[in-house]
Ligand SMILES: [Fe+2]
Ligand SMILES: [Fe+2]
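Numbering (the numbering used here), first residue to last: 100 to 366.
(1) Using 8 Å as the threshold, is the C-beta distance between residue 199 and residue 221 below it?
(2) Is residue 369 near ligand 2, in the sense that its beta carbon is under 7 Å from a heavy atom of that ligand?
(3) With 16 other CB atoms within 10 Å as the buried threshold, where does residue 268 fall?
(4) Among residues of its own chain, excluding the 5 on either side of residue 122, which ones have a beta-carbon nearer than 7 Å to its beta-carbon?
(5) Would you say the beta carbon of residue 313 is closer than 7 Å to some non-hydrogen atom of ligand 1?
(6) Is residue 283 near residue 321, with beta carbons less than 8 Å apart?
(7) Is any non-hydrogen atom of ligand 1 found closer than 7 Å to the C-beta of residue 285, if you look at the structure I gave you?
(8) For ligand 1, any of its heavy atoms closer than 7 Å to the Cβ of residue 110?
(9) Going by CA-CA distance only, name the one from 171, 263, 264, 277 that's closest to residue 136.
(10) Once DSSP output is grouped into helix, strand and coil, what is the label at residue 327?
(11) Can you tell me whether DSSP reads residue 267 as helix, strand or coil?
(12) Are the Cβ atoms of residue 302 and residue 361 separated by less than 8 Å?
(13) Using only the alpha-carbon positions, how far apart do residue 115 and residue 314 sit?
(14) Go through the stretch 159–185 residue by residue and report every complete run of the alpha helix (DSSP H) that reaches 4 residues or more, in order.
(15) Go ahead and label residue 185 buried or exposed: buried means 16 or more other beta carbons lie within 10 angstroms of its beta carbon, across all protein chains shown.
(16) Using the Cβ count rule (16 or more neighbours within 10 Å means buried), how would you classify residue 259?
(17) Which residues in the same chain have their Cβ closer than 7 Å to the Cβ of residue 125, if we skip the five residues on either side of it in sequence?
(18) Please state whether DSSP places residue 247 in a helix, a strand or coil.
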């Protein structure tokens with residue numbers, strides 16, 4: 100079995116300070132093969148915020164891979180926003196804005212969807228897509244291809260913003276070339292298996308994980324997702340610190356079964 104943790108929207112600089120140590124402890128106890136962190140490490144892309152986010156991630160003592168979110172590029176400093184968009188990220192996090200990794204049976208691609216010209220929405224870039232298509236074509240068929248990016252590739256019902264430019268046209272080709280799972284954040288909202296019901300299996304298992312730590316008014320159900328990959332199965336368990344609590348606990352696990360290129364709800 101391969102265990103992944105999907106962590107997103109840490110928002111250091113506007114984080115729930117009381118949840119930082121419990122989050123560390125819960126992630127470490129889960130013993131994942133890899134932690135995937137889909138952006139918004141910081142609230143305002145400041146050096147100190149990047150440093151604290153990286154101290155947190157490094158302090159887990161676990162392999163992790165991460166990519167930028169819209170909060171990881173400068174907002175108010177317009178010259179920096181447009182001329183050195185990912186300068187802070189590349190200085191403090193990694194020169195690579197869309198890294199790929201392998202962990203057990205998981206083949207992870209990422210896309211950098213943060214775009215200085217769109218604040219809430221994202222952009223799926225051609226160079227990322229080219230790399231993902233090449234990786235999908237070259238993959239070992241026993242691996243499960245997973246794409247992680249900050250902005251959702253499909254927006255759940257009830258959300259008017261947060262769409263990713265280029266996703267609608269790219270999704271059919273990504274599915275055709277074998278992509279199986281998409282991990283996204285940004286909405287600070289949970290949606291596990293978007294569109295998959297008992298009556299409607301889907302080619303993509305989309306996991307939209309809520310914010311891990313953001314302290315903005317109205318934020319609830321902080322947490323992360325644990326994905327357990329088996330033979331043609333994935334079980335997704337949200338670990339949530341419910342309102343008023345500073346402890347992360349497993350919530351209802353959802354199991355998905357892959358058959359003939361589609362994900363079925365298995366309970
Ligand atoms: Fe966020
Ligand atoms: Fe975001």
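Glycine is no exception: its CB is placed at the ideal position from the N, C-alpha and C atoms.
According to the data block:
(1) No, they are not a contact pair.
(2) As displayed, the chain neither begins before 100 nor continues past 366, which places residue 369 out of reach and without an answer.
(3) exposed
(4) 311, 312, 347
(5) yes
(6) no
(7) yes
(8) Yes; taking the cut-off as 7 Å, the Cβ of residue 110 has a heavy atom of ligand 1 nearer than that.
(9) The candidate whose alpha carbon is nearest that of residue 136 is 171.
(10) strand
(11) Assigned with DSSP and collapsed to three states, residue 267 falls in helix.
(12) yes
(13) The alpha-carbon separation between residue 115 and residue 314 amounts to approximately 5 Å.
(14) 177–182
(15) The residue is buried, with at least 16 neighbouring Cβ atoms inside 10 Å.
(16) exposed
(17) 338, 347
(18) Strand, per DSSP.
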